[in-house]
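A.B. asks: The structure is given below, and queries will be raised subsequently.
In my numbering, the protein residues as written are 169 to 517.
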C-alpha cells in the first residue's frame, strides 16, 4: 500500500545564536515513515539559511512579519497556495502563532490544515499568565512580576539576582539595577511589554517536548537535561533522561490545559528537589531532532493529527541520546540571494 504524499510548509528557517526550529522539523519530516513529503519554506528574511538547504527545502517564499497583521499574511498565503497546493503548515515561532490560530478557518477552506492550540489555550500559558495557570493546575512556578516600568518594579522590593524575560523570547539573569535597566530597555524594544521578572532559582535545567491530540490526550513526551546553556538560557547540548517527576508534571499540564498540538515545557529542579515550571512554549522547540533520534517523531505526529489520521500514543523513547549543536558555513552563489530578494521566491528544485 502506497504512502500518502503531503506538501508541508514550515517556518523558522533562521539560524543565529538561537536557531529556529524549522530545519530540525524538516529533518524529522524527511524521516517520517507514514508519509512522503515536499517541503515549502516560509521565510521572513532573505538570509535564513534553511532557504538555501537544497537537500531539505524544495521551494521557499518570503512571507510578511507577524506585525504586519493577518490580512497581509492571508493574502500572501492565497498567492502561494495557488502555486503549491499546501496540505499542512507548521508554524514554529511564538510571535506568529496568533495569526495562524486566527486564520485557521480561512486556511482550512483553502485546503491548508493546522494543528494548533485554541486562542484561549495559547493565552493561558503566556508568560504573564503562567503563575495563575500553574496555580490552577497544582504546579510549582517561581514568583513572577509583569513589569511595565523598572521604577515600579524597584518599588516592589525584590532582591537580586532575578531572571528578566521578553514577552516572547530571551531570558537573562540580572544582578543589579543598572543591568536591569539595560536589559529591560533592550527586550521591550524588541518584543514589546510587559517584560516578565521571575524569581531566580538555582538548580538543574530540563526541557520536555510533547504532543497532544485534539482531545487533550498526551501522545508523546520526551524530557532532556540541558548539558550546555547559552547566555540566552538556550540549550546548546542536552541528553534524553528518564524522570518520573517531570513526566508527572507534563501530565498535570495536559490535564489542566487540555492542550492540542505540540508544546515544550522549560523546567528547573531546585537544590531541595522541588520541580518548577518556568515556561510553556506553544510549539515545537529547536531541539526536536533529539526526540526524533530517540524514537519519537513529533513533527510526523503533528502532520498526521493535522490531516485527521489516527495517531497512537508513543511514550517510550531511548534514554541517553545526546545532541550537541554546531554552526557551519554554507556557501551559495550570490545570484540565489539576489533572485530571492527580487522575487520573494526561491526554487531549489
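Beta carbons: idealized from backbone N, C-alpha and C, even for Gly.
Where do the N-terminal and C-terminal ends of the beta strand (DSSP E) with residue 491 fall, by residue?
C.D. replies: Its beta strand (DSSP E) spans residues 490 to 492.
A.B. asks: Report back the beta-carbon spacing between residue 229 and residue 208 to the nearest angstrom; my notes put them in contact at under 8 angstroms.
C.D. replies: Contact flag correct, Cβ pair sits at about 7 angstroms.
A.B. asks: Mind pulling the alpha helix (DSSP H) runs of 4 or more residues that sit fully within the stretch 306 to 330?
C.D. replies: Those alpha helix (DSSP H) runs which fall completely within the stretch 306 to 330 and span 4+ residues are 318 to 322.
A.B. asks: Looking at residue 427: is its Cβ nearer than 9 angstroms to the Cβ of residue 377?
C.D. replies: No, Cβ-Cβ distance for residue 427 and residue 377 is not below 9 angstroms.
A.B. asks: Going by beta-carbon coordinates alone, are residue 450 and residue 265 separated by less than 9 angstroms?
C.D. replies: Contact flag set, yes.
A.B. asks: With a CB to CB cut of under 7 angstroms and the five nearest residues on each side skipped, what residues in its chain are close to residue 324?
C.D. replies: Contacts found: 313.
A.B. asks: Do you know whose CA, among 189, 487, 270, lies nearest residue 238's CA?
C.D. replies: Selected option, being the one with the closest Cα: 270.
A.B. asks: I'd like to check one pair, residue 328 with residue 348: are the Cβ atoms closer than 9 angstroms?
C.D. replies: Yes, the Cβ-Cβ distance between residue 348 and residue 328 is below 9 angstroms.
A.B. asks: On a Cα-Cα basis, can you pick out the residue from 338, 500, 255, 419 that is closest to residue 384?
C.D. replies: Nearest C-alpha to residue 384: 419.
A.B. asks: Extract the residue ranges of the beta strand (DSSP E) inside the stretch 387 to 455, only unbroken runs of 3 or more that lie entirely within it.
C.D. replies: With a minimum length of 3 residues, the continuous beta strand (DSSP E) runs that stay inside the stretch 387 to 455 are 403 to 408, 429 to 438, 443 to 449.
A.B. asks: Could you compute how far the alpha carbon of residue 392 sits from the alpha carbon of residue 510?
C.D. replies: Using only the alpha carbons, I get a separation of about 42 angstroms.
A.B. asks: For residue 277, write down the residues that DSSP places opposite it in a beta bridge.
C.D. replies: Looking at the DSSP assignment, residue 277 forms no beta bridge with any residue, so it has no partner.
A.B. asks: On the premise that residue 498 lies in contact with residue 220, defined as a C-beta separation below 8 angstroms, what is that separation, rounded to the nearest angstrom?
C.D. replies: That belief holds up - the Cβ atoms of residue 220 and residue 498 are roughly 6 angstroms apart, short of 8 angstroms.
A.B. asks: Please classify residue 410: is it buried, with 16 or more other beta-carbons within 10 angstroms of its beta-carbon, or exposed?
C.D. replies: Classification of residue 410: exposed, given that the 10 Å Cβ count is below 16.
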